[in-house]
Structures are given as C-alpha cells and as structure tokens.
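Numbering (my numbering), first residue to last: 1 to 101.
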C-alpha cells in the first residue's frame, strides 16, 4: 500500500509557495518578538494551533479534494491559496520593515 498523493499540476507549486510564506512568517514573527524582548516559548504552541495549523490544514484538505473530487475544488484551492498568499505577503512585509527599522 502506497501513501503518496499526487496533486494536480497547478496545485503543487501553489501549495509549496503558500506553505513557504507561512513558515517564513512564523520565523520572522519569532525574530520580531525576540528583538522586542517579548518572546515567550510557552505561547508558541498556542500560536501554532490557532494561527498556523488552520491555514495549513485547510490548504491540504482543499488540495487533496482537488485531486479526488474534481475541478471545482481545484478552483477553490487556487482562490483560497491566492488570498492566503496575499495575507502572508503583507504580513511578511510588515515584519521585515519592523526588523529593519
């Protein structure tokens, strides 16, 4: 039994780009909090549970649905991934400005 899921050609790159933006946002967020002196490692799991996993889980669900259910979910995935990507690009910009300023 093989546990590999083949995603449609358009889905894979979009998923990688958005997940990379999410992870960069987490890393930069940690760096900002360390710089400002209010980083608390005990709050990190709560942040991941409420601020990261819902986006990642939702994207993975839609990506898998796009593979097994059909074209409608592919279009939904690409729309949602685009919106989430825009959100995280704006947050990355803000964090970079805060780190540099």
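Where is the CB? At the ideal position from N, CA and C, for every residue including glycine.
Can you tell me where the alpha helix (DSSP H) holding residue 20 begins and where it ends?
Residue 20 -> alpha helix (DSSP H) spans 11–36.
Going along the chain, which residues of its own chain have a beta-carbon closer than 7 Å to the beta-carbon of residue 76, five neighbours each way excluded?
62
Could you tell me the distance, in whole angstroms, from the CA atom of residue 95 to the CA atom of residue 14?
22 Å
Kindly give me the distance between the Cβ atoms of residue 78 and residue 10, rounded to whole angstroms, as I take these residues to be in contact under 8 Å.
7 Å
Start and end of the alpha helix (DSSP H) containing residue 94?
71–100
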